[in-house]
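Report on one structure; see the data block that follows.
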Amino acid sequence: MAKLLYSATMSVDGFIAGPGGDMSWLSEHVGEKNETADRLLEQIGAIVCGAVTFFGDDPNRDTDAEGAFGGQYDGPVVLLTHRPPHSPPEGVAVATDLESAVDMAKEMAGDKYVNILGADVARQCIEQQMLDEILVFTAPVLLGDGVRLFDRPGGGVVRMEQLPGETESWFRVVY
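Using this note's numbering, the first residue of the sequence shown is number 12, and each one after it goes up by one.
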């Protein structure tokens, strides 16, 4: 059965997007050789993406590298939104609640990962105790402001354990 994984590239000061969702800072880091990222891409069976991320800034817009994982991901996507588009993009399923989005994506993914894209969707998964793992790539930059990896004001402690043999910050969530 598919596991839910939140993966993101974060600045050293904890942001996954700059002010206003700016992702331009990431473009110089996309495409850098990373064995963990390469291995991960092969293990993703579906993506659940929030609307802010889906319709937001892409540092590679209008290039061959546009899209998830620098344009390298080519698989099922479930868009989680409270305002479904009248005509969803081709190949994109739409869900209006987290549970439906996750169920659809797990079915699509089979025994591979469902990768969560979007800080708010990841937060919701944590709050519903659905998230299995978190993988964080760190880019050598300080953004100073923007969208945090996790922003849970008033939230409790979430314990994690490092996955054995991983060199990146790849953790199992312990509920």
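Glycine is no exception: its CB is placed at the ideal position from the N, C-alpha and C atoms.
- Of I127, T149, K44 and E53, the smallest CA-CA separation from D143 is found for I127.
- V59 sits close to L91, with the two beta carbons spaced by under 7 Å.
- From the listed residues A116, V158 and Q173, the smallest Cα separation to M141 is found for A116.
- Annotation: the continuous beta strand (DSSP E) that includes T20 extends over L15 to S22.
- Beta-bridge partners assigned by DSSP to E39: none are found.
- For S111, the secondary structure class from DSSP, reduced to helix, strand or coil, is helix.
- Ranked by Cα distance from D131, the options A13, G31, G61 and V88 are led by G61.
- Collapsing the DSSP output to three states places L91 in a strand.
- Residue burial annotation: R134 is buried, with at least 16 other C-beta atoms found within 10 angstroms of its C-beta.
- Put simply, the backbone Cα of V125 is about 13 Å away from that of A19.
- Taking C-beta separations shorter than 6 Å and ignoring five residues to either side along the sequence, the partners of P87 in its chain run A57 and M119, following chain order.
- The beta carbons of W36 and V152 sit closer together than 7 Å.
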